[in-house]
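Asks: Next up is a structure, given as structure tokens.
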Amino acid sequence: MSVREVLRRIGLATFVSLVLGFFSLPLLWLAFTPFDSDPRISASLPDFTLHNFQVLMDNPYALASLRNSIILAAGAAALVVTCAALAAYALSRVRIPGRDVLLYVLLLLSSIITGTAAMVPIFLLAFNLNLIDSHLGVILVLTGGLLPAAIFVLKDFTDATPTSYEEAARVFGATPLQTLRHVVVPVIRPGLATVMVWTVAQVWGDFLMPFLLLRDPDKAPASVIMYTFYTEGGQPDLALISTFSLLYSLPVVGMYLFVSRRYGFRFHGGIKR
Amino acid sequence: MAVITLSGLTKVYPGGVRALDALDLEIADGEFFALLGPSGCGKTTLLRTVAGLETATAGSVRIGETDVTRLPPGRRDVGMVFQDYALFPHMSVTDNIAYPLRIKKAAKNERHAAAADVAAELGLDGLLARRPSELSGGQQQRVALARAMVARPQVFLLDEPLSNLDARLRLEARTFLKKLQRELGVTTVFVTHDQAEALAMADRIAVMEAGRIRQIGTPAEVFRRPANLFVAAFIGSTPMNLVDARVRGEQVEAAGVLLPLPEEARGLVTDGQAVVYGVRPDYLDYSPSPVDGSFSGRVAVVENLGSSSLVTLDVEGVLIHALVGEGSEPEPDEHGWAVPRAGRALLYSDGDLVNGNDVTVAA
Ligand SMILES: Nc1ncnc2c1ncn2[C@@H]1O[C@H](COP(=O)(O)OP(=O)(O)OP(=O)(O)O)[C@@H](O)[C@H]1O
Ligand SMILES: [Mg+2]
Numbered sequence: 001m002s003v004r005e006v007l008r009r010i011g012l013a014t015f016v017s018l019v020l021g022f023f024s025l026p027l028l029w030l031a032f033t034p035f036d037s038d039p040r041i042s043a044s045l046p047d048f049t050l051h052n053f054q055v056l057m058d059n060p061y062a063l064a065s066l067r068n069s070i071i072l073a074a075g076a077a078a079l080v081v082t083c084a085a086l087a088a089y090a091l092s093r094v095r096i097p098g099r100d101v102l103l104y105v106l107l108l109l110s111s112i113i114t115g116t117a118a119m120v121p122i123f124l125l126a127f128n129l130n131l132i133d134s135h136l137g138v139i140l141v142l143t144g145g146l147l148p149a150a151i152f153v154l155k156d157f158t159d160a161t162p163t164s165y166e167e168a169a170r171v172f173g174a175t176p177l178q179t180l181r182h183v184v185v186p187v188i189r190p191g192l193a194t195v196m197v198w199t200v201a202q203v204w205g206d207f208l209m210p211f212l213l214l215r216d217p218d219k220a221p222a223s224v225i226m227y228t229f230y231t232e233g234g235q236p237d238l239a240l241i242s243t244f245s246l247l248y249s250l251p252v253v254g255m256y257l258f259v260s261r262r263y264g265f266r267f268h269g270g271i272k273r
Numbered sequence: 001m002a003v004i005t006l007s008g009l010t011k012v013y014p015g016g017v018r019a020l021d022a023l024d025l026e027i028a029d030g031e032f033f034a035l036l037g038p039s040g041c042g043k044t045t046l047l048r049t050v051a052g053l054e055t056a057t058a059g060s061v062r063i064g065e066t067d068v069t070r071l072p073p074g075r076r077d078v079g080m081v082f083q084d085y086a087l088f089p090h091m092s093v094t095d096n097i098a099y100p101l102r103i104k105k106a107a108k109n110e111r112h113a114a115a116a117d118v119a120a121e122l123g124l125d126g127l128l129a130r131r132p133s134e135l136s137g138g139q140q141q142r143v144a145l146a147r148a149m150v151a152r153p154q155v156f157l158l159d160e161p162l163s164n165l166d167a168r169l170r171l172e173a174r175t176f177l178k179k180l181q182r183e184l185g186v187t188t189v190f191v192t193h194d195q196a197e198a199l200a201m202a203d204r205i206a207v208m209e210a211g212r213i214r215q216i217g218t219p220a221e222v223f224r225r226p227a228n229l230f231v232a233a234f235i236g237s238t239p240m241n242l243v244d245a246r247v248r249g250e251q252v253e254a255a256g257v258l259l260p261l262p263e264e265a266r267g268l269v270t271d272g273q274a275v276v277y278g279v280r281p282d283y284l285d286y287s288p289s290p291v292d293g294s295f296s297g298r299v300a301v302v303e304n305l306g307s308s309s310l311v312t313l314d315v316e317g318v319l320i321h322a323l324v325g326e327g328s329e330p331e332p333d334e335h336g337w338a339v340p341r342a343g344r345a346l347l348y349s350d351g352d353l354v355n356g357n358d359v360t361v362a363a
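Those sequence lines, one after another, are chains A and B. Reading the first sequence from the start, the letters are residues 1 to 273 in the UniProt record's numbering. Reading the second sequence from the start, the letters are residues 1 to 363 in the UniProt record's numbering.
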């Protein structure tokens, strides 16, 4: 091995370690700080304690907000997966003129629906429909925003399944809904899993819509409650924030692991080739 | 068990393709019926229209006593085997076979028992727990058959049931299918583009071209007396000799030789009329010595077909094929004579069989 080669290797290793360190610091902070008796904004080996969790339990909103997050995420995921599956199946099997244009326009508009631009109209709409301070309102708005992308991904999966499966089911007397349930859904299950996980992750992390539409802190999800964790002095309450962050991220990680083990993600199926 | 009656059946696809053109056809109860024709002639379309997967543009489909033209597929009481078998990939063999009963709301143990019975009938026991992807092509085909059979439909529709099998398995499956159909006695329509398959399996054959039926008949009729030049050229593993000819009194002049006028054409053709003289290689007797009223020429090619050989004679520039039995094959470049067997030569005028009144042709 020449000197150059050695130097090259050392250089590469250093570079990789730096990059790794840069990205792992926040994760280390997330892992250690909740157990630190003196939580700080930097990552350090904790002076071990479980006291921070005690503080968290005493906070009136923390646990309820996690429950609210679960309600919102589960509701939106169920609605998005169901509606997207029905719509994607129909769009993939029925010939409508301008179908692709329709999909692309929806996709474009969807980023506006849940974005800042539509904040005021959405608030007014929800207000007039009496959907302020209701989980249902948030679920409906988020579903509307996520549906186009979900339909887009799922349509690719349904397009890829041969129509002869469905025709076989039809010949044996299955109704369209039975065909969907017995044949199409099981065949595109990896796609449904992908869309479900993606929806949950989106809703779990969404701040703007619940912040806008939920006035009552008892109903606010974790992503909103997180912003209320300040000390009386106006400083971020790091003990609370770090502990809460850990609890907040665990369900999403758990879900990823579960779903990927159970169904296996097949993202390549959702990408236009 | 039912008769299938198609009248004036027309299918025009959205793009404007006329896949079926005012087609009339009656398939008898319990018959094993083949739809035969070149690619794109509308065989699959016909089958799918009978199944209800395509709606007829005009005309009607009757199964038994019922006019099913406007009924959805599930209410026509048909069982279908698709060309790619369309077995549900996520279900076990049992669940696949039992699926039609599941739609009919049969109890689980009941339908599993029925599936096991049909599977045993088709030699599938031992495979019931597997997924379709864990089966061989022949086994998949039988699972598809079992699924079509399990609800005891009135009619079976098979779309190229053998084309996905390799050559040896195809022969086996051919025999198996024919035997099974005979035992069940269910009216069966199957699509094929392989004329040998149609001849071997069917009770009757409809030969199609461009959305129309060119001839209907038993394999023997279609083979011996093709109603027109299209059928004549399509049927037969060695193509029929079709030679431009002219009537000369009591004889026909074809490829420069005078042959006796086929018996049945007497009185139906006039002296000097232009016709096509047709005779199958199977019905030409080869002779190494001169014979009257025969094709005479130089042996151009000898192809070995196993138990016989196909000899090609060059008769004044026209190539005539004759089948020669084992042991009497000529050498290339010898001179040879091919004698049409009495009653086996056919005359075509304007593309249709002269005296073809006895063969069924849909208009
Ligand atoms: N869904 C469709 N839309 C438009 N045209 C079609 C459709 N299906 C078939 N055709 C056309 O109708 C004609 C008949 O097709 P069909 O599939 O019935 O032929 P086939 O006899 O089964 O041929 P093959 O032996 O190749 O399967 C063809 O010209 C085909 O291009
Ligand atoms: Mg076909």
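All C-beta atoms, glycine included, are put in the ideal place defined by N, C-alpha and C. Predicted model only: the values in this text are computed from it and were never measured.
N96 of chain B lies in the alpha helix (DSSP H); which residues open and close that run?
Replies: Counting from one through the second sequence, the residue named residue 96 of chain B turns up at place 96. Its alpha helix (DSSP H) spans residues V93 to I103.
Asks: What residues from the stretch 188–202 of chain A come within 9 angstroms of chain B, judged by C-beta to C-beta, listed N to C?
Replies: Result list: R189.
Asks: Within a Cβ cutoff of 7 angstroms, which residues of the same chain sit near A173 of chain B, ignoring the five residues on either side of it in sequence?
Replies: Working through the second sequence from its first residue, we reach residue 173 of chain B at position 173. G138, Q141, L162 and L165, listed in sequence order.
Asks: Can you tell me whether E331 of chain B is helix, strand or coil according to DSSP?
Replies: Mapped onto the second sequence, residue 331 of chain B falls at position 331. Residue state, collapsed to three classes: coil.
Asks: Residues of chain B with a CB under 8 angstroms from the CB of V80 of chain A: which are they?
Replies: Along the first sequence, read from residue 1 onward, the residue named residue 80 of chain A stands at position 80. Chain B residues near V80 of chain A: none, gap ~23 angstroms exceeds 8 angstroms.
Asks: To the nearest angstrom, report how far apart L250 of chain A and K155 of chain A are at their CA atoms.
Replies: Along the first sequence, read from residue 1 onward, the residue named residue 250 of chain A stands at position 250. Along the first sequence, read from residue 1 onward, the residue named residue 155 of chain A stands at position 155. Spanning the two alpha carbons is a distance of roughly 31 angstroms.
Asks: Can the beta-carbon of V299 of chain B be found less than 9 angstroms from the beta-carbon of H335 of chain B?
Replies: On the second sequence, residue 299 of chain B is found 299 positions in, with the first residue counted as 1. On the second sequence, residue 335 of chain B is found 335 positions in, with the first residue counted as 1. Yes, they are a contact pair.
Asks: Please name the residue, chosen from B:N228, B:D271, B:L177 and B:G79, that lies closest to R147 of chain B on a Cα-to-Cα basis.
Replies: For this step, residue 147 of chain B is matched to residue 147 along the second sequence. Per the Cα distances, B:G79.
Asks: Mind listing the chain A neighbours of P73 of chain B? Cutoff is C-beta to C-beta under 9 angstroms, in chain order.
Replies: Residue numbering aside, residue 73 of chain B sits at position 73 when the second sequence is read from its first letter. The answer, in chain order, is E167, R170, V171, F172 and G173.
Asks: So, do the stretch 58–68 of chain B and the stretch 113–131 of chain B have three or more beta carbon pairs nearer to each other than 8 angstroms?
Replies: Result no; under three Cβ-Cβ pairs closer than 8 angstroms.
Asks: Which of the three DSSP states is assigned to P260 of chain B in this structure?
Replies: Working through the second sequence from its first residue, we reach residue 260 of chain B at position 260. It is a strand residue.
Asks: With respect to 8 angstroms, is the separation between the Cβ of G115 of chain A and the closest non-hydrogen atom of ligand 1 below this value?
Replies: Walking along the first sequence from the start, residue 115 of chain A turns up at place 115. Checking the Cβ of G115 of chain A against ligand 1 gives no.
Asks: Ordered along the chain, which non-local residues of its own chain (more than five positions away) have a Cβ less than 7 angstroms from that of L53 of chain B?
Replies: Within the second sequence, numbered from 1, the residue matching residue 53 of chain B stands at position 53. P73.
Asks: Is the beta carbon of residue 276 of chain A sitting closer than 9 angstroms to the one on L247 of chain A?
Replies: Look at the range of chain A in this structure, 1 to 273, and you will see that residue 276 of chain A is not part of it.
Asks: Count the other C-beta atoms from every protein chain shown that fall within 10 angstroms of the C-beta of M57 of chain A, then say buried if there are 16 or more, exposed otherwise.
Replies: By 1-based counting over the first sequence, the position of residue 57 of chain A is 57. Exposed, by the Cβ-count rule.
Asks: Could you give the distance in angstroms between the alpha-carbon of A220 of chain A and the alpha-carbon of T199 of chain A?
Replies: Reading the first sequence from its first residue, position 220 is the one you call residue 220 of chain A. Reading the first sequence from its first residue, position 199 is the one you call residue 199 of chain A. So the two alpha carbons sit approximately 18 angstroms from each other.
Asks: Heavy atom of ligand 1 less than 8 angstroms from the Cβ of A206 of chain B, yes or no?
Replies: Sequence index remark: in the second sequence, residue 206 of chain B carries index 206 (1-based). Flag unset: Cβ of A206 of chain B not near ligand 1.
Asks: Nearer than 8 angstroms: is that true of the beta carbon of Q83 of chain B relative to any heavy atom of ligand 2?
Replies: For this step, residue 83 of chain B is matched to residue 83 along the second sequence. Because some heavy atom of ligand 2 lies under 8 angstroms away, the Cβ of Q83 of chain B counts as near it: yes.
Asks: Using Cβ-Cβ distances below 7 angstroms, what residues of the stretch 46–57 of chain B are close to chain A?
Replies: Listed by position, the residues of the stretch 46–57 of chain B near chain A (Cβ gap below 7 angstroms) are A51 and L53.
Asks: Which same chain residues end up closer than 6 angstroms to V315 of chain B when comparing Cβ atoms and leaving out the 5 residues on each side of it in sequence?
Replies: What you label residue 315 of chain B is simply residue 315 of the second sequence in a count that begins at 1. Closer than 6 angstroms at Cβ, skipping near neighbours: A255, F295 and G297.
Asks: Compute the beta-carbon to beta-carbon distance between D159 of chain B and V191 of chain B, rounded to the nearest angstrom, for a pair I have assumed lies under 8 angstroms.
Replies: Taking the first residue of the second sequence as position 1, residue 159 of chain B is located at position 159. Taking the first residue of the second sequence as position 1, residue 191 of chain B is located at position 191. D159 of chain B to V191 of chain B, Cβ: 5 angstroms. Contact.
Asks: What are the complete alpha helix (DSSP H) segments, minimum 4 residues, inside the stretch 185–229 of chain B?
Replies: Counting only runs of 4 or more, we get 195–201 and 219–224.
Asks: F156 of chain B touches chain A at which residues, Cβ-Cβ below 7 angstroms?
Replies: Against the second sequence, residue 156 of chain B aligns to sequence position 156. Neighbours of F156 of chain B on chain A: none; closest Cβ ~11 angstroms, over 7 angstroms.
Asks: Is the CB-CB distance between A150 of chain A and R262 of chain A below 9 angstroms?
Replies: On the first sequence, residue 150 of chain A is found 150 positions in, with the first residue counted as 1. On the first sequence, residue 262 of chain A is found 262 positions in, with the first residue counted as 1. No, Cβ-Cβ distance for A150 of chain A and R262 of chain A is not below 9 angstroms.
Asks: Kindly indicate which three-state DSSP category Q251 of chain B falls into: helix, strand or coil?
Replies: Working through the second sequence from its first residue, we reach residue 251 of chain B at position 251. Strand at Q251 of chain B.
Asks: Is there a Cβ of chain A sitting closer than 9 angstroms to that of D84 of chain B, yes or no?
Replies: Numbered from its first residue, the second sequence carries residue 84 of chain B at position 84. Closer than 9 angstroms to some Cβ of chain A, the Cβ of D84 of chain B qualifies, so yes.
Asks: Is the distance from the Cβ of E209 of chain B to the Cβ of P38 of chain B below 9 angstroms?
Replies: By 1-based counting over the second sequence, the position of residue 209 of chain B is 209. By 1-based counting over the second sequence, the position of residue 38 of chain B is 38. Cβ distance < 9 angstroms, so E209 of chain B and P38 of chain B count as in contact.
Asks: Count the CB pairs spanning the stretch 152–169 of chain A and the stretch 177–195 of chain A that are closer than 8 angstroms, and state whether there are at least three.
Replies: They touch, by the three-pair rule.
Asks: Hey, does P186 of chain A have any beta-carbon neighbour from chain B nearer than 9 angstroms?
Replies: Taking the first sequence and counting its residues from 1, one reaches residue 186 of chain A at position 186. P186 of chain A counts as touching chain B.
Asks: Taking just the CA atoms, how far does S60 of chain B sit from V81 of chain B?
Replies: Residue 81 of chain B sits at position 81 when you count from the first residue of the second sequence. Residue 60 of chain B sits at position 60 when you count from the first residue of the second sequence. Taking the straight line joining both Cα atoms gives about 23 angstroms.
Asks: Report the residue ranges of all beta strand (DSSP E) runs contained in full by the stretch 152–183 of chain B; include only those spanning at least 3 residues, in chain order.
Replies: The stretch 152–183 of chain B contains these whole beta strand (DSSP E) runs: 155–159.
Asks: Going along chain A, which residues have a C-beta under 8 angstroms from M240 of chain B?
Replies: The residue you call residue 240 of chain B lines up with position 240 of the second sequence. Within chain A, no residue comes near M240 of chain B; the closest Cβ sits about 36 angstroms away, beyond 8 angstroms.
Asks: Quick check: is any heavy atom of ligand 1 less than 8 angstroms from the C-beta of T163 of chain A?
Replies: Your numbering for residue 163 of chain A matches position 163 in the first sequence. No, the beta carbon of T163 of chain A sits no closer than 8 angstroms to any heavy atom of ligand 1.
Asks: State yes or no: is the beta carbon of P97 of chain A nearer than 9 angstroms to at least one beta carbon in chain B?
Replies: The residue you call residue 97 of chain A lines up with position 97 of the first sequence. Cβ-Cβ to chain B under 9 angstroms: no for P97 of chain A.
Asks: Any beta-carbon of chain B closer than 9 angstroms to the one on residue 274 of chain A?
Replies: With chain A covering 1 to 273 only, the question about residue 274 of chain A has no answer from this structure.
Asks: What residues of chain A sit near K104 of chain B, judged by a beta carbon separation below 8 angstroms?
Replies: Counting from one through the second sequence, the residue named residue 104 of chain B turns up at place 104. Those are G173, listed as they occur along chain A.
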